[in-house]
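Novice: Mapping the sequence shown onto the numbering used here, position 44 (from 1) lands on 46, and the numbers just tick up by one.
The C-beta atom is built at its ideal place from N, Cα and C for all residues, glycine as well.
Owing to the predicted nature of the structure, the values given are computational and were not obtained by experimental measurement.
Structure in C-alpha cells, see below.
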Amino acid sequence: MTKADLVNAMADKAGVSKADSEKALKAFIDVVTEALQAGDKVALVGFGTFSVGERAARIGQNPQTGKKIEIAASKTPKFKAGKGLKDAVN
C-alpha cells in the first residue's frame, strides 16, 4: 500500500475528503517525527509503540576491498507492534 492508497482508504473509512485525509496523515507523521527527535516514545495502545534505538559505534569491513572502516554511532527509529495489531494480523 502506497501513501496515496493509504490516504484514499483513510478518506473512505472516515468519510472525509482526500485532502483532509492527507493533511491528517501528514500531521500524524510530523508529530511522531518531532516526538522521536526529542527522544520521546509514541505509544498507541493496541496498535504499537514508536521509539528511538541507539546503535553503538563499531568497526565494519568493506566487502570489496576487505579494508576495515569505522562506523559511527547512530540513532534509529523503531516500531514495536501492540497486541491488538498482532492479533489482527494473525
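Where does residue 23 land, buried or exposed, given buried means 16+ other C-beta within 10 angstroms?
Specialist: As a position in the sequence shown, residue 23 is number 21, starting the count at 1. So residue 23 counts as buried.
Novice: Give the range of the alpha helix (DSSP H) segment to which residue 4 is assigned.
Specialist: Within the sequence shown, residue 4 is the residue found at index 2, counting from 1. Premise fails: residue 4 is in no alpha helix (DSSP H) and is neither H nor E.
Novice: Quick one: residues in its chain with C-beta nearer than 8 Å to the C-beta of residue 80, no 5 flanking neighbours on either side, listed in chain order?
Specialist: The residue labelled residue 80 in the question sits at position 78 within the sequence shown. Counting only Cβ-Cβ distances below 8 Å, and skipping sequence neighbours, we find 52, 53, 54 and 55.
Novice: Taking all protein chains shown into account, decide if residue 18 is buried (16 or more other Cβ within 10 angstroms of its Cβ) or exposed.
Specialist: The residue you call residue 18 lines up with position 16 of the sequence shown. Burial call: exposed.
Novice: Let me know the secondary structure DSSP gives residue 66 once reduced to three states.
Specialist: As a first step, residue 66 is located in the sequence shown; it is residue number 64 there, counting from the start. Reduced to three states, the DSSP call for residue 66 is coil.
Novice: What residue range is occupied by the uninterrupted alpha helix (DSSP H) comprising residue 25?
Specialist: Sequence index remark: in the sequence shown, residue 25 carries index 23 (1-based). Note, residue 25: alpha helix (DSSP H), 20-39.
Novice: Counting pairs of Cβ atoms below 8 Å between the segment 71-88 and the segment 37-51, do you hit three or more?
Specialist: Touching, yes.
Novice: I need the DSSP call for residue 47, collapsed to helix, strand or coil.
Specialist: Taking the sequence shown and counting its residues from 1, the one referred to as residue 47 is at position 45. Correct three-state label for residue 47: coil.
Novice: Specify, as a first and last residue, the run of the beta strand (DSSP E) that residue 90 falls within.
Specialist: Translated into positions along the sequence shown, residue 90 becomes position 88. Here residue 90 belongs to no beta strand (DSSP E); instead the alpha helix (DSSP H) covers 85-91.
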